[in-house]
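> 9 is the number of the first residue of the first sequence in the working numbering; add one for each residue after it.
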Amino acid sequence: MLDLKLIRQDEARVRRGLERRGAGAAELDRILALDAEWRALVAELDALRAERNRVSQEIGRIKREGGDASAQLAAMSDVAERIRSLEAREKELQDEIEALLLRLPNLPDDDVPDGPDDSANVEVRRWGEPARFPFQPKAHWDLGPALGLLDFERAGKITGSRFTVFFDRGARLLRALVAFMLDYHTARGFTEVLPPFLVNSASMTGTGQLPKFGGDAFRVDGHDLWLVPTAEVPVTNLHRDEILAADELPIYYCAYTPCFRSEAGAAGRDTRGLIRQHQFDKVELVKFVRPEDSARELETLTAHAAGVLEALGLPYRVVALSTGDLGFASAHTYDLEVWMPSYGRYVEISSCSNFRDFQARRANIRYRPEPGAKPQYVHTLNGSGLAVGRTFAALLENYQREDGSVRLPEVLAPYLGGQLEFAPRT
RNA sequence: GGAGGGGUACCGUAAUCGGCAACGGAACGGUCUUGAAAACCGUCGCCCGCAAGGGCUUGCGGGUUCGAGUCCCGCCCCCUCCGCCA
9 MLDLKLIRQD
19 EARVRRGLER
29 RGAGAAELDR
39 ILALDAEWRA
49 LVAELDALRA
59 ERNRVSQEIG
69 RIKREGGDAS
79 AQLAAMSDVA
89 ERIRSLEARE
99 KELQDEIEAL
109 LLRLPNLPDD
119 DVPDGPDDSA
129 NVEVRRWGEP
139 ARFPFQPKAH
149 WDLGPALGLL
159 DFERAGKITG
169 SRFTVFFDRG
179 ARLLRALVAF
189 MLDYHTARGF
199 TEVLPPFLVN
209 SASMTGTGQL
219 PKFGGDAFRV
229 DGHDLWLVPT
239 AEVPVTNLHR
249 DEILAADELP
259 IYYCAYTPCF
269 RSEAGAAGRD
279 TRGLIRQHQF
289 DKVELVKFVR
299 PEDSARELET
309 LTAHAAGVLE
319 ALGLPYRVVA
329 LSTGDLGFAS
339 AHTYDLEVWM
349 PSYGRYVEIS
359 SCSNFRDFQA
369 RRANIRYRPE
379 PGAKPQYVHT
389 LNGSGLAVGR
399 TFAALLENYQ
409 REDGSVRLPE
419 VLAPYLGGQL
429 EFAPRT
């Protein structure tokens with residue numbers, strides 16, 4: 009959520025930021041008009057309340073002294089009626105302003121490249137060399153079933169399309185990747201969290217999924233509960249409505265959760281394999297930091313997530329998202345894209361974002377810069393570290409051999425009982 | 001799911017019959033002090049306002065009333081017990 013004070017005081021800056029994202033300026037004009045009306049109303053209302061408070065005390069005093077307060081009571085009856093009517097209007101205005109503010113996206117950082125969509129994204133750097141296969145490499149949706157690791161057909165039977173059954177050593181490999189990633193992060197200062205996989209609407213609003221993107225998530229029938237679309241939601245909301253002490257910051261969390269998304273697949277893209285599923289697994293990194301540190305923290309967060317790919321020996325590149333490709337709540341995002349032989353290109357495997365105070369304001373997450381000082385909003389960041397299903401796919405594809413077998417990197421040996429070889433069933 | 005008890009500021013606790021949300025502690029600022037402690041004063045949630053000042057805030061949302069922490073209705077969470085359950 010944008011700061012209403014900022015909108016008032018620096019309308020030009022807000023308008024410029026929204027225009028860079030192609031977001032409507034119409035809402036901005038509407039907010040400014042409603043806010044002007046609201047402030048005038050509040051002044052009038054507060055004056056009436058002041059009078060009511062004053063006379064009500066007087067009535068109390070008169071009654072205690074056994075006097076007759078009927079004149080005051082009659083006058084205050086009218087004032088009370090007037091206050092009731094103004095309060096109703098004030099609530100309307102406030103609700104409407106709030107509703108508009110909640111639908112306004114974050115402002116992009118100055119150094120975010122401008123552009124209409126992902127075509128304007130800018131490659132920042134590359135790591136590793138995509139393997140040149142002396143044979144036609146197979147896709148993971150062919151390798152996985154052939155190796156007895158993945159079963160897409162039975163998942164379709166028991167649930168539907170865009171779900172997967174991990175089987176036998178495939179299930180073990182998925183569990184191994186989750187454990188490997190969590191160990192990697194906790195060894196580097198992140199605190200492991202295992203949150204609920206269902207969250208309430210307040211949490212979904214706090215991180216920005218609601219009110220605009222409810223259709224992208226699964227809701228539990230008959231309850232105010234949603235299946236988490238990402239661990240970002242429960243983990244960021246851990247500190248909703250809290251005032252953190254300055255010496256608690258920065259806070260670094262990592263969390264494994266399954267992620268549930270109903271929108272995946274609507275566009276008919278990536279219909280095969282693990283790339284776009286209604287349920288997938290992810291290890292997420294979440295940071296709460298001082299405002300002055302968030303830009304630097306985004307760089308280290310991105311480098312940290314990239315470290316997982318490097319440990320696994322998977323070639324990747326870092327891409328700075330353009331204003332047109334930026335997520336709703338983000339001010340600045342780097343995507344990590346892993347080399348995927350079946351696609352013949354780099355495919356997103358992590359998205360690292362700085363939300364600045366956008367989520368903190370929605371979720372009311374503050375800290376005291378100094379003991380005794382006024383509370384301020386923290387900055388929140390998060391990034392995938394990594395999407396586990398896509399990592400699974402990238403490993404199979406990048407480490408495949410001509411006979412359809414796969415040998416995974418040594419770093420996974422402790423998590424796989426030393427069994428790094430995967431051979432096709434005959 | 002049922003019964004009972006609770007939710008008040010950073011923490012702990014009051015508030016009679018409905019009448020300015022009191023007190024203690026912590027933290028921070030100040031006075032005092034060579035320095036510190038103690039003591040005393042102030043600050044310590046949010047909003048409007050250039051300011052003076054005013055308003056809001058007792059888990060959340062409604063209602064009654066001139067006036068609600070207090071009375072009424074709905075909901076959420078915590079504790080105890082019962083039921084159910086991996």
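Think of the CB as a built atom: it goes at the ideal place given N, C-alpha and C, for glycine as much as any other residue. Bear in mind that the values here come from a model prediction, so they are computed numbers and not experimental data.
Could you check if A44 is buried or exposed, using at least 16 other CB atoms within 10 Å of its CB as the buried criterion?
Label assigned to A44: exposed.
> What residue does the beta strand (DSSP E) around I283 start on, and which one ends it?
Where I283 is concerned, there is no enclosing beta strand (DSSP E), given that its DSSP letter is neither H nor E.
> To the nearest angstrom, report how far apart L420 and R269 are at their CA atoms.
L420 and R269: Cα-Cα distance of roughly 29 Å.
> Find the nearest neighbour of V297 within the set A319, L404, P153, L306, judged by alpha-carbon distance.
Selected option, being the one with the closest Cα: L306.
> Are at least three pairs of beta-carbons, each pair with one atom in the region 164-181 and one in the region 191-207, less than 8 Å apart?
Contact between the region 164-181 and the region 191-207 is absent, because fewer than three Cβ pairs lie under 8 Å.
> Thinking just about the alpha-carbon of each residue, which of L202, T399, E410 is nearest to the one in G178?
Considering only alpha carbons, the answer is T399.
> Going by CA-CA distance only, name the one from L112, S78, E240, R90 that's closest to D11.
Measuring from the Cα of D11, the nearest candidate turns out to be L112.
> Tell me the DSSP bridge mates of Q408?
Bridge partners of Q408: V414.
> Got a sec? Which residues, its chain only, sit under 8 Å from E66 by beta carbon, not counting five neighbours each side?
Closer than 8 Å at the Cβ level, and outside the excluded window around E66, lie A77, Q80.
> Which value, in whole angstroms, describes the spacing of the CA atoms of G352 and L182?
For G352 and L182, the distance between alpha carbons rounds to 24 Å.
> If we ignore side chains and look at the alpha-carbon of each, how far apart do V186 and K290 end up?
Each residue's alpha carbon lies about 8 Å from the other.
> Would you please state the rounded distance, in angstroms, between the beta carbons of V22 and L36? I believe it to be under 8 Å.
About 7 Å; that satisfies the 8 Å criterion.
> Look up H387 in the DSSP assignment and give the residues it is bridged to.
V297.
> What is the residue span of the beta strand (DSSP E) that P121 lies within?
Looking at the DSSP string, P121 is not in any beta strand (DSSP E), and its letter there is neither H nor E.
> Counting Cβ pairs closer than 8 Å, one from the region 45-56 and one from the region 95-107, do we hit at least three?
Judged by Cβ distances under 8 Å, the region 45-56 makes contact with the region 95-107, as three or more pairs qualify.
> Sort out for me which residues DSSP pairs I373 with in a bridge.
Looking at the DSSP assignment, I373 forms a beta bridge with E250.
> What does a CB cutoff of less than 6 Å around I259 pick up in its chain, not counting 5 residues either side in sequence?
Excluding residues within five positions, the ones whose Cβ falls inside 6 Å are F296.
> Do L322 and N406 have their C-beta atoms closer together than 8 Å?
Going by C-beta atoms, L322 is nearer than 8 Å to N406.
> Whose C-beta lies closer than 7 Å to the C-beta of A184 among residues of the same chain, with five residues either side of it excluded?
Cβ within range, chain order: L420, Y423, L424.
> Would a C-beta distance cut-off of 8 Å place D176 and L157 closer than the cut-off?
The answer is yes: Cβ separation under 8 Å.
> Grouping DSSP H, G and I as helix and E and B as strand, with all else coil, what is S358?
Strand, per DSSP.
> Roughly how many angstroms lie between the CA atoms of D365 and K146, to the nearest whole one?
Rounded to the nearest angstrom, the two C-alpha atoms are 44 Å apart.
> Which residues does DSSP pair with L344 in a beta bridge?
Looking at the DSSP assignment, L344 forms a beta bridge with V326, S358.
> Say whether the region 333-348 touches the region 117-132, bearing in mind that this needs 3 or more beta-carbon pairs closer than 8 Å, one atom from each stretch.
Result yes; three or more Cβ-Cβ pairs closer than 8 Å.
> Does the distance from the C-beta atom of W149 to that of A314 stay below 8 Å?
No.
> Which partner residues does F430 have in the DSSP bridge list?
V414, per the DSSP bridge assignment.
> For L309, tell me which candidate among E378, E250, Y261, D278 has the shortest Cα-Cα distance.
Nearest C-alpha to L309: Y261.
> Measure the C-alpha to C-alpha separation of R62 and S85 and round it to an integer number of angstroms.
Those two C-alpha atoms are separated by around 14 Å.
> Give a yes or no on whether the C-beta atoms belonging to Y375 and A239 are separated by under 8 Å.
The answer is no: Cβ separation not under 8 Å.
> Tell whether a beta-carbon distance below 8 Å holds between L282 and A401.
Cβ distance < 8 Å, so L282 and A401 count as in contact.
> Check whether the Cβ atoms of V241 and T215 lie closer than 8 Å to each other.
Taking 8 Å as the Cβ cut-off, V241 and T215 qualify as a contacting pair.
> Report buried or exposed for A368, applying the criterion of at least 16 other Cβ atoms within 10 angstroms of its Cβ.
Buried: at least 16 other Cβ atoms inside 10 Å.
> Exposed or buried, D202, counting other C-beta atoms within 10 Å across all chains shown (16 or more means buried)?
Here the sequence assigns Leu to residue 202, which means Asp is not the residue at that position. The residue in question, L202, is exposed, as its Cβ has fewer than 16 Cβ neighbours within 10 Å.
> Quick one: Cα of R125 to Cα of T331, how far?
For the record, residue 125 in the displayed sequence is Asp; it is not Arg. If you take the alpha carbons of D125 and T331, they lie about 7 Å apart.
> In the DSSP assignment, the beta strand (DSSP E) including P203 goes from what residue to what residue?
P203 -> no beta strand (DSSP E), and no H or E assigned at all.
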